[in-house]
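Asks: Chains A and P supply the protein sequences, listed in that same order.
Add 4 to a position in the first sequence, counting from 1, and you land on the number used in the numbering used here.
Add 4 to a position in the second sequence, counting from 1, and you land on the number used in the numbering used here.
2 protein chains.
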Amino acid sequence: MPTIVVPIATGFEEIEAVSIIDVVRRSGIEVIVAHVEAEATVRGANGIHIVCDRPLEGISSNDIDMIVLPGGWGGTDVLAVNETVQRLLKEMDAQKKYISAICAAPYALNTAGVLRDNFTCYPSVEEKISGKNYLGDTQQVVYDAHVMTSRGPGTAICFGLHIVKRLLGDESFHTLKEGILADYCE
Amino acid sequence: MPTIVVPIATGFEEIEAVSIIDVVRRSGIEVIVAHVEAEATVRGANGIHIVCDRPLEGISSNDIDMIVLPGGWGGTDVLAVNETVQRLLKEMDAQKKYISAICAAPYALNTAGVLRDNFTCYPSVEEKISGKNYLGDTQQVVYDAHVMTSRGPGTAICFGLHIVKRLLGDESFHTLKEGILADYCE
Numbered sequence: 005m006p007t008i009v010v011p012i013a014t015g016f017e018e019i020e021a022v023s024i025i026d027v028v029r030r031s032g033i034e035v036i037v038a039h040v041e042a043e044a045t046v047r048g049a050n051g052i053h054i055v056c057d058r059p060l061e062g063i064s065s066n067d068i069d070m071i072v073l074p075g076g077w078g079g080t081d082v083l084a085v086n087e088t089v090q091r092l093l094k095e096m097d098a099q100k101k102y103i104s105a106i107c108a109a110p111y112a113l114n115t116a117g118v119l120r121d122n123f124t125c126y127p128s129v130e131e132k133i134s135g136k137n138y139l140g141d142t143q144q145v146v147y148d149a150h151v152m153t154s155r156g157p158g159t160a161i162c163f164g165l166h167i168v169k170r171l172l173g174d175e176s177f178h179t180l181k182e183g184i185l186a187d188y189c190e
Numbered sequence: 005m006p007t008i009v010v011p012i013a014t015g016f017e018e019i020e021a022v023s024i025i026d027v028v029r030r031s032g033i034e035v036i037v038a039h040v041e042a043e044a045t046v047r048g049a050n051g052i053h054i055v056c057d058r059p060l061e062g063i064s065s066n067d068i069d070m071i072v073l074p075g076g077w078g079g080t081d082v083l084a085v086n087e088t089v090q091r092l093l094k095e096m097d098a099q100k101k102y103i104s105a106i107c108a109a110p111y112a113l114n115t116a117g118v119l120r121d122n123f124t125c126y127p128s129v130e131e132k133i134s135g136k137n138y139l140g141d142t143q144q145v146v147y148d149a150h151v152m153t154s155r156g157p158g159t160a161i162c163f164g165l166h167i168v169k170r171l172l173g174d175e176s177f178h179t180l181k182e183g184i185l186a187d188y189c190e
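(1) Can you tell which of 101(P), 104(P), 33(P), 15(P) has the C-alpha that lies nearest to the C-alpha of residue 225(P)?
(2) Using DSSP's beta-bridge definition, name the partner residues of residue 191(A).
(3) Using the Cα positions of residue 112(P) and residue 13(P), report the straight-line distance between them to the nearest angstrom.
(4) Since residue 88(A) is in the alpha helix (DSSP H), which residue starts that stretch and which ends it?
(5) Does the count of Cβ pairs from the stretch 32-45 of chain P and the stretch 139-159 of chain A closer than 8 Å reach three?
(6) Checking the sheet assignment: what are the DSSP bridge partners for residue 35(P)?
(7) Which value, in whole angstroms, describes the spacing of the CA atoms of residue 67(A) and residue 40(P)?
(8) Looking at the unbroken alpha helix (DSSP H) that takes in residue 165(A), where does it start and where does it end?
(9) Less than 8 Å between the CB atoms is what I'm expecting for residue 72(P) and residue 37(P), so what's the real figure, rounded?
(10) Assuming residue 95(A) and residue 65(A) form a contact by the criterion Cβ under 8 Å, report the distance between their Cβ atoms to the nearest whole angstrom.
(11) Using a Cβ cut-off of 8 Å, pull out every chain P residue sitting near residue 186(A), in sequence order please.
(12) Can you give me the start and stop residues for the beta strand (DSSP E) that residue 147(A) sits inside?
(13) What is the DSSP secondary structure of residue 40(P), reduced to helix, strand or coil?
(14) Report yes or no: is there a C-beta of chain P within less than 7 Å of the C-beta of residue 29(A)?
(15) Taking only heavy atoms of the ligand PLP into account, decide whether any of them is closer than 6 Å to the Cβ of residue 187(A).
(16) If you measure between the beta carbons of residue 163(P) and residue 106(P), is that distance less than 7 Å?
(17) Any residues in the stretch 65-86 of chain P with a beta carbon nearer than 7 Å to a beta carbon of chain A? Which ones, in chain order?
(18) Count the other CB atoms within 10 Å of the CB of residue 43(A); is the residue buried (16 or more) or exposed (fewer)?
(19) Would you decide whether residue 109(A) is buried or exposed? Buried here means 16 or more other CB atoms lie within 10 Å of its CB.
(20) Against residue 191(A), what residues of chain P qualify as contacts under a CB-to-CB distance less than 7 Å, listed in chain order?
(21) Would you call the stretch 176-183 of chain A in contact with the stretch 72-84 of chain P, where contact means no fewer than 3 C-beta pairs closer than 8 Å?
(22) Can you list the residues of chain P that residue 23(A) reaches, using a CB-CB cut of under 7 Å?
(23) Can you say whether residue 149(P) is buried or exposed, counting buried as having 16 or more other CB atoms within 10 angstroms of its CB?
(24) Here's the rule: buried if 16 or more other CB atoms are within 10 angstroms of the residue's CB, otherwise exposed. What is residue 23(P)?
(25) Strictly under 7 Å for the Cβ-Cβ distance: is residue 52(A) near chain P by that measure?
(26) Could you pull the DSSP bridge partners for residue 122(A) from this structure?
(27) Here's the rule I'm using: 16 or more other beta-carbon atoms within 10 Å means buried, otherwise exposed. How should residue 98(A) be labelled?
(28) For a contact defined as C-beta to C-beta under 8 Å, what are the partners of residue 55(A) on chain P?
(29) How many whole angstroms separate the CB atoms of residue 172(A) and residue 27(A), which I take to be in contact at a CB cut-off of 8 Å?
(30) Check each residue of the stretch 161-180 of chain P: if its Cβ is closer than 7 Å to any Cβ of chain A, include it; give the result in chain order.
(31) To the nearest angstrom, report how far apart residue 63(P) and residue 88(P) are at their CA atoms.
(32) CA-CA distance, residue 70(A) and residue 167(A)?
(33) Please return the same chain residues whose Cβ sits closer than 7 Å to the Cβ of residue 61(P), not counting the five positions on each side in sequence.
(34) Where residue 123(P) and residue 93(P) are concerned, what is the direct C-alpha to C-alpha distance, given to the nearest angstrom?
(35) Output needed for residue 118(A): all residues of its chain with C-beta closer than 7 Å, excluding positions within five of it in sequence on either side, in chain order.
(36) Can you name, in chain order, every residue of its own chain whose Cβ lies under 6 Å from the Cβ of residue 75(P), other than the five neighbours on each side?
Below, the structure is given as structure tokens:
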């Protein structure tokens with residue numbers, strides 16, 4: 005089974021992080037919930053505390069098949085400057101391994117120089133990203149080569165399903181979508 | 005501002021619990037995340053650990069405007085037999101205060117004798133609930149008097165929005181729905 009890592013930083017958006025982790029784990033894919041800062045227990049944007057599995061420090065691009073960044077302004081501000089996160093993004097990109105981000109977090113892909121031309125994000129975040137093709141709400145999830153982006157809390161389950169589709173294929177996507185009752189995911 | 009309580013027990017469904025807490029907190033409503041068992045850190049159905057605010061024990065129906073039960077089979081099995089949960093449900097019902105449950109958790113309302121005639125739940129859970137009118141997927145959220153039920157992970161954000169609608173009204177519902185990008189919520 006493939007392995008993905010979800011870096012969690014203070015101020016992460018809880019629906020986004022938890023929907024991704026929950027949906028992807030249901031498929032059997034291994035999900036490492038990794039804290040970026042020193043503490044394993046991290047406070048989200050809406051005051052929900054989650055306990056991470058291990059530190060991000062020490063996780064290599066060789067160990068994982070995808071890195072997925074949840075949004076939230078506070079969390080994204082950390083992900084956009086944290087050296088471990090930024091280095092891992094660049095390593096993944098150099099190996100053409102999957103990179104995904106939702107909501108505000110495509111901004112942190114851009115600071116690492118790994119965001120592709122076509123992308124989406126939470127409305128207004130695109131104003132901080134120049135020279136790229138923002139696709140807005142035309143798609144819940146945008147694929148461009150090995151980089152995948154999505155919009156916000158309301159598309160987080162669909163984004164989780166697309167992570168599964170990318171790593172395990174269409175059949176897993178459809179089976180999970182039905183089980184989760186997310187008939188609105190395209 | 006109104007106050008709601010979300011009881012959390014081992015095996016709770018993470019998308020459901022977190023979507024409800026996150027969406028409702030965004031509205032300004034106070035949300036108490038309350039652990040039902042002894043430990044404040046509780047493991048969900050998909051291995052995500054969240055840290056609760058305080059124990060459910062000691063919270064009275066006089067302190068809260070709504071009780072909301074997240075689903076997940078493991079969590080529901082606890083909620084359906086836990087004396088504090090079942091007593092609080094009966095107290096809320098006797099005062100016609102709002103009671104809500106999603107996914108498997110309407111079963112725990114039924115064991116307390118507070119489930120109304122019209123309800124929905126995760127498909128197949130209705131087989132454990134006799135003598136009631138299961139509405140299936142005809143509505144994302146079913147209202148019957150002061151009791152509200154919903155279906156599963158894919159309807160959890162919509163359920164959170166309906167909790168806000170019930171306590172704060174239509175305008176808050178629509179503003180939040182737009183901000184969360186959940187255009188599929190009815």
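Every residue, glycine too, gets a C-beta built ideally from N, C-alpha and C.
Replies: Walking through what the data contain:
(1) This structure does not reach residue 225(P), given that chain P is present from 5 up to 190, and the question cannot be answered.
(2) The requested residue 191(A) is not part of the displayed model; chain A covers only 5 to 190.
(3) Your numbering for residue 112(P) matches position 108 in the second sequence. Your numbering for residue 13(P) matches position 9 in the second sequence. For residue 112(P) and residue 13(P), the distance between alpha carbons rounds to 12 Å.
(4) Translated into the one-based positions of the first sequence, residue 88(A) becomes position 84. Run containing residue 88(A): 87-98, per the alpha helix (DSSP H) assignment.
(5) Because the criterion of three Cβ pairs below 8 Å is not met, the stretch 32-45 of chain P and the stretch 139-159 of chain A do not touch.
(6) Taking the second sequence and counting its residues from 1, the one referred to as residue 35(P) is at position 31. Paired residue(s): 8(P).
(7) Along the first sequence, read from residue 1 onward, the residue named residue 67(A) stands at position 63. Along the second sequence, read from residue 1 onward, the residue named residue 40(P) stands at position 36. Between residue 67(A) and residue 40(P), the C-alpha separation is close to 37 Å.
(8) In the first sequence, the residue the question calls residue 165(A) occupies position 161. Its alpha helix (DSSP H) spans residues 160-172.
(9) Sequence index remark: in the second sequence, residue 72(P) carries index 68 (1-based). Sequence index remark: in the second sequence, residue 37(P) carries index 33 (1-based). About 10 Å separates the two Cβ atoms, so there is no contact after all.
(10) Reading the first sequence from its first residue, position 91 is the one you call residue 95(A). Reading the first sequence from its first residue, position 61 is the one you call residue 65(A). Right, their Cβ atoms sit about 4 Å apart.
(11) Residue 186(A) sits at position 182 when you count from the first residue of the first sequence. Near residue 186(A) (Cβ distances below 8 Å), the residues of chain P are 157, 158.
(12) Taking the first sequence and counting its residues from 1, the one referred to as residue 147(A) is at position 143. First-last of the beta strand (DSSP E) with residue 147(A): 145-148.
(13) Residue numbering aside, residue 40(P) sits at position 36 when the second sequence is read from its first letter. Note: residue 40(P) maps to coil in three-state DSSP.
(14) Taking the first sequence and counting its residues from 1, one reaches residue 29(A) at position 25. Interface residue, yes.
(15) Here there are no bound small molecules, and the ligand PLP is not part of this structure.
(16) Numbered from its first residue, the second sequence carries residue 163(P) at position 159. Numbered from its first residue, the second sequence carries residue 106(P) at position 102. Less than 7 Å separates the beta-carbon of residue 163(P) from that of residue 106(P).
(17) Going along the stretch 65-86 of chain P in chain order, one finds no residue with a Cβ nearer than 7 Å to chain A.
(18) Locating residue 43(A) in the first sequence gives position 39, counting from the first residue. So residue 43(A) counts as exposed.
(19) Here residue 109(A) is taken as the residue at index 105 of the first sequence, counted from 1. Flag for residue 109(A) reads buried.
(20) Since the first residue shown for chain A is 5 and the last is 190, residue 191(A) is missing from the structure and cannot be characterised.
(21) Contact between the stretch 176-183 of chain A and the stretch 72-84 of chain P is absent: fewer than 3 CB-CB pairs across the two stretches fall below 8 Å.
(22) Residue 23(A) sits at position 19 when you count from the first residue of the first sequence. Per Cβ cutoff of 7 Å: 19.
(23) Within the second sequence, numbered from 1, the residue matching residue 149(P) stands at position 145. Exposed: under 16 other Cβ atoms inside 10 Å.
(24) Translated into the one-based positions of the second sequence, residue 23(P) becomes position 19. Buried: at least 16 other Cβ atoms inside 10 Å.
(25) Counting from one through the first sequence, the residue named residue 52(A) turns up at place 48. Taking Cβ atoms only, chain P reaches closer than 7 Å to residue 52(A), which makes this a yes.
(26) On the first sequence, position 118 is the one that residue 122(A) refers to. Per DSSP, 137(A).
(27) By one-based count along the first sequence, residue 98(A) stands at place 94. With fewer than 16 Cβ atoms within 10 Å of its Cβ, residue 98(A) is classed as exposed.
(28) Locating residue 55(A) in the first sequence gives position 51, counting from the first residue. Taking the beta carbon of residue 55(A) as reference, the chain P residues within 8 Å of it are 45, 53, 54, 55, listed in sequence order.
(29) Taking the first residue of the first sequence as 1, we reach residue 172(A) at position 168. Taking the first residue of the first sequence as 1, we reach residue 27(A) at position 23. About 12 Å; that fails the 8 Å criterion.
(30) 161
(31) To locate residue 63(P), count along the second sequence from 1; it is residue 59. To locate residue 88(P), count along the second sequence from 1; it is residue 84. Distance between the alpha carbons of residue 63(P) and residue 88(P): 9 Å.
(32) As a first step, residue 70(A) must be located in the first sequence, where it is residue number 66. As a first step, residue 167(A) must be located in the first sequence, where it is residue number 163. Spanning the two alpha carbons is a distance of roughly 9 Å.
(33) Your numbering for residue 61(P) matches position 57 in the second sequence. Excluding residues within five positions, the ones whose Cβ falls inside 7 Å are 88.
(34) For the purposes of this step, residue 123(P) is identified with residue 119 of the second sequence, where counting begins at 1. For the purposes of this step, residue 93(P) is identified with residue 89 of the second sequence, where counting begins at 1. Taking the straight line joining both Cα atoms gives about 16 Å.
(35) As a first step, residue 118(A) must be located in the first sequence, where it is residue number 114. Excluding sequence neighbours, residue 118(A) sits near 93, 94, 97, 103, 151.
(36) What you label residue 75(P) is simply residue 71 of the second sequence in a count that begins at 1. Excluding residues within five positions, the ones whose Cβ falls inside 6 Å are 17, 20, 106, 107, 108, 109.
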